[in-house]
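Engineer: For what it's worth, the working numbering labels the leading residue of the sequence shown as 5, then goes sequentially. Note that CB positions come from ideal geometry on N, CA and C, so glycine has one too. Being a predicted model, the structure only gives us computed values, none of them experimental.
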Amino acid sequence: MWMHGNLESHVQYWTKKTTRNYKSGFALTILLTLEKDCDLVAGKWTSDMDMNGENVGQQKMKFRKTECSVCYNRASKLFCIPSKDDMYKKWFSVLKWDVPPEQLKYVLNNARVCDRHFSEWCFTTASQCTSVEVSDTEPCSTTELCSPTPSRDTIGHLQVTPKTRKIKTLRSSVSKLKKKLYEKRSSSRFLGQLKAKLADKPHLYNFVTSQLKMQCKDIKGRRWTAKEKSFALQIYLHSPSAYKLLRKFFVFPSKATLYRYTYNIARSPGFCKNLVKCLKSQSSRMSESDRLCVLSIDEMSIKPGLTYATDLDCVDGFSTVKKRDFKEDPPFATHALVFMARGIVKNWKQILGYHFTSSSEVYSLQELIHEAIDILQSCELEVVSIVCDQG
Numbered sequence: 005m006w007m008h009g010n011l012e013s014h015v016q017y018w019t020k021k022t023t024r025n026y027k028s029g030f031a032l033t034i035l036l037t038l039e040k041d042c043d044l045v046a047g048k049w050t051s052d053m054d055m056n057g058e059n060v061g062q063q064k065m066k067f068r069k070t071e072c073s074v075c076y077n078r079a080s081k082l083f084c085i086p087s088k089d090d091m092y093k094k095w096f097s098v099l100k101w102d103v104p105p106e107q108l109k110y111v112l113n114n115a116r117v118c119d120r121h122f123s124e125w126c127f128t129t130a131s132q133c134t135s136v137e138v139s140d141t142e143p144c145s146t147t148e149l150c151s152p153t154p155s156r157d158t159i160g161h162l163q164v165t166p167k168t169r170k171i172k173t174l175r176s177s178v179s180k181l182k183k184k185l186y187e188k189r190s191s192s193r194f195l196g197q198l199k200a201k202l203a204d205k206p207h208l209y210n211f212v213t214s215q216l217k218m219q220c221k222d223i224k225g226r227r228w229t230a231k232e233k234s235f236a237l238q239i240y241l242h243s244p245s246a247y248k249l250l251r252k253f254f255v256f257p258s259k260a261t262l263y264r265y266t267y268n269i270a271r272s273p274g275f276c277k278n279l280v281k282c283l284k285s286q287s288s289r290m291s292e293s294d295r296l297c298v299l300s301i302d303e304m305s306i307k308p309g310l311t312y313a314t315d316l317d318c319v320d321g322f323s324t325v326k327k328r329d330f331k332e333d334p335p336f337a338t339h340a341l342v343f344m345a346r347g348i349v350k351n352w353k354q355i356l357g358y359h360f361t362s363s364s365e366v367y368s369l370q371e372l373i374h375e376a377i378d379i380l381q382s383c384e385l386e387v388v389s390i391v392c393d394q395g
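Below, the structure is given as structure tokens:
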């Protein structure tokens with residue numbers, strides 16, 4: 005925007021306005037001094053006209069916004085020609101341009117003048133320019149003009165500051181958060197409607213909400229609750245093939261996740277107290293015939309050796325069966341002994357525990373069998389027989 009008023013007001017206005025735009029920190033004032041370059045442009049203009057003189061000024065001159073229209077320089081700072089009537093006429097008189105009215109709009113939009121065509125004393129710092137300064141040297145054939153406006157191409161580039169860049173980044177993040185908020189509100193409304201319809205079926209509601217939540221997450225980003233793992237484990241124990249088929253259509257924990265979940269139940273040798281508690285709760289709901297069971301004992305040979313269990317912070321590989329002679333060091337384990345209870349009338353089975361043994365001695369095996377029978381009787385189960393393959 006061009007200001008009206010006297011010369012002093014123009015200088016003070018452009019001193020403040022263009023200080024931050026000019027890279028050397030100087031404010032642009034009001035003089036164009038290079039008459040030589042202006043003569044060259046005037047000569048080029050007239051050479052493009054019709055040589056007969058009949059259509060003078062009718063041929064359109066071509067300008068580029070990226071270069072100076074006087075010296076065709078692209079490296080310097082470019083300025084637009086003022087759009088005010090009294091201003092651009094003064095500029096055209098200095099540049100010696102005879103612009104036809106029909107080409108005036110094109111020239112004002114596309115013509116550029118670089119900073120080389122302004123004398124050095126025309127640039128002063130904002131702190132020094134408190135009033136109109138007059139050059140000590142006499143300028144050569146100058147005409148007073150209002151300061152040129154910065155090029156439109158350079159304004160957008162100069163205004164990209166860290167502050168504006170940060171504002172742009174924050175606006176982008178705000179738009180993304182608004183989108184996520186809209187999705188959250190839509191899903192919450194849907195879950196509210198679903199909960200109202202499945203109020204009498206809480207298990208089905210929990211399953212549907214779990215599937216909706218896990219479907220939107222990556223495979224490695226899914227976190228399962230204890231209830232979800234227990235539900236998946238029940239399906240897997242009933243039929244591993246059915247569990248494999250269901251995993252093709254629904255989101256369920258992997259087999260490795262279920263193995264890790266069950267490993268925490270009985271990870272140390274001996275009879276597991278947690279399994280005994282589960283067996284008691286199940287036997288309380290059984291009939292008398294369903295409580296009839298068989299104690300099964302199975303043994304397998306293992307390779308002797310020592311390993312460090314990081315989860316238990318201990319060394320495995322020794323026999324876990326207590327010897328009568330406590331002065332002896334525990335020998336290396338050569339066998340693994342497993343105790344399991346299985347129903348006779350109803351098809352159920354439950355592992356009670358396991359031990360590492362060095363040899364199946366009579367007295368140690370006998371003590372373990374008596375301990376297993378006592379545990380089953382404490383669970384109100386009746387042991388009918390003992391089955392083993394040790395002869």
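Which two residues bound the contiguous beta strand (DSSP E) that contains L82?
Structural biologist: L82 -> beta strand (DSSP E) spans L82 to C84.
Engineer: CA-CA distance, H339 and T229?
Structural biologist: Computed Cα separation, rounded: 36 Å.
Engineer: Could you tell me the distance, in whole angstroms, from the CA atom of A260 to the CA atom of L241?
Structural biologist: Looking at the two C-alpha atoms, the distance is approximately 14 Å.
Engineer: Using the three-state DSSP reduction, which class does E375 fall into: helix, strand or coil?
Structural biologist: In the structure shown, E375 sits in a helix (DSSP, three-state: H, G or I).
Engineer: Determine the burial state of H374: buried for a count of at least 16 other Cβ atoms within 10 Å of its Cβ, exposed for fewer.
Structural biologist: So H374 ends up on the exposed side.
Engineer: Would you check if the distance between the CB atom of I301 and the CB atom of L341 is smaller than 8 Å?
Structural biologist: Yes. Within cutoff.
Engineer: Do L271 and L237 have their C-beta atoms within less than 8 Å of each other?
Structural biologist: The sequence shown places Arg at residue 271, rather than the Leu named in the question. No, the Cβ-Cβ distance between R271 and L237 is not below 8 Å.
Engineer: For Q354, write down the residues that DSSP places opposite it in a beta bridge.
Structural biologist: DSSP output for Q354 lists A345 as bridge partner(s).
Engineer: Nearest-angstrom Cα distance between S176 and D89?
Structural biologist: Their Cα atoms are separated by approximately 43 Å.
Engineer: Per DSSP, M304 is paired with what?
Structural biologist: Answer is A340.
Engineer: From S192, I223 and D222, pick the residue whose C-alpha is nearest to that of T213; which is it?
Structural biologist: The residue with the shortest Cα to Cα distance from T213 is S192.
Engineer: Apart from the five residues on each side of it in sequence, which residues of its chain come closer than 6 Å, Cβ to Cβ, to R120?
Structural biologist: S80, listed in sequence order.
Engineer: Leaving out the 5 sequence neighbours to the left and right, which residues in its chain are closer than 8 Å to Q381 when beta-carbon positions are compared?
Structural biologist: Within the same chain, Q381 has close Cβ partners V387.
Engineer: From what residue to what residue does the beta strand (DSSP E) around A313 run?
Structural biologist: It spans T311 to A313 - the beta strand (DSSP E) in which A313 sits, taken as one unbroken run.
Engineer: Whole angstroms is fine: what's the gap from F360's alpha carbon to S190's?
Structural biologist: If you take the alpha carbons of F360 and S190, they lie about 57 Å apart.
Engineer: Taking DSSP as the reference, what is the three-state secondary structure of C297?
Structural biologist: Three-state result, C297: strand.
Engineer: What does DSSP give as the partner residues of I171 in its beta bridges?
Structural biologist: Bridge partners of I171: none, in fact.
Engineer: Opposite D320 in the DSSP bridges: which residues?
Structural biologist: Bridge partners of D320: T311.
Engineer: For I390, report the span of its alpha helix (DSSP H) as first-last.
Structural biologist: Counting along the chain, I390 falls outside any alpha helix (DSSP H), though it belongs to the beta strand (DSSP E) covering E386 to C392.
Engineer: Pick out whichever of T70, K94 and E384 has its Cα sitting closest to the Cα of S285.
Structural biologist: Ranking T70, K94 and E384 by Cα distance to S285 puts E384 first.
Engineer: K307: which of K281, V349 and G321 sits nearest, CA to CA?
Structural biologist: Here the closest residue by C-alpha is G321.
Engineer: On a Cα-Cα basis, can you pick out the residue from Y110, C276, P166 and K248 that is closest to A376?
Structural biologist: Closest by alpha carbon: C276.
Engineer: Please classify I390 as buried or exposed, where buried requires at least 16 other C-beta atoms within 10 Å of its C-beta.
Structural biologist: Its Cβ having fewer than 16 others within 10 Å, I390 is exposed.
Engineer: Using DSSP with H/G/I as helix, E/B as strand and the rest coil, what is K66?
Structural biologist: Coil at K66, not helix or strand.
Engineer: Figure out for me which residue from V255, V349 and H207 has the closest Cα to the Cα of M218.
Structural biologist: Looking at the Cα atoms, V255 is the closest of the given residues.
Engineer: Might you give, ordered along the chain, the residues of its own chain that have their beta carbon closer than 8 Å to the beta carbon of A313, omitting 5 neighbours on each side?
Structural biologist: Excluding positions up to five away in sequence, the list reads V319 and D320.
Engineer: What's the C-alpha gap between L195 and V298?
Structural biologist: Answer to the nearest angstrom: the Cα atoms are 48 Å apart.
Engineer: Mind checking E187: buried by the 16 CB within 10 Å criterion, or exposed?
Structural biologist: Burial call: exposed.
Engineer: Across the stretch 68-86 and the stretch 105-121, are there enough close Cβ pairs to call them in contact, namely three or more that are closer than 8 Å?
Structural biologist: Cβ pair count under 8 Å is three or more, so yes.
Engineer: Tell me the rounded alpha-carbon separation between C220 and L112.
Structural biologist: Answer to the nearest angstrom: the Cα atoms are 57 Å apart.
Engineer: Near D294, what residues of its chain come up, given a Cβ to Cβ distance below 7 Å and the 5 sequence neighbours on each side ignored?
Structural biologist: Around D294: G347, V349 and K350.
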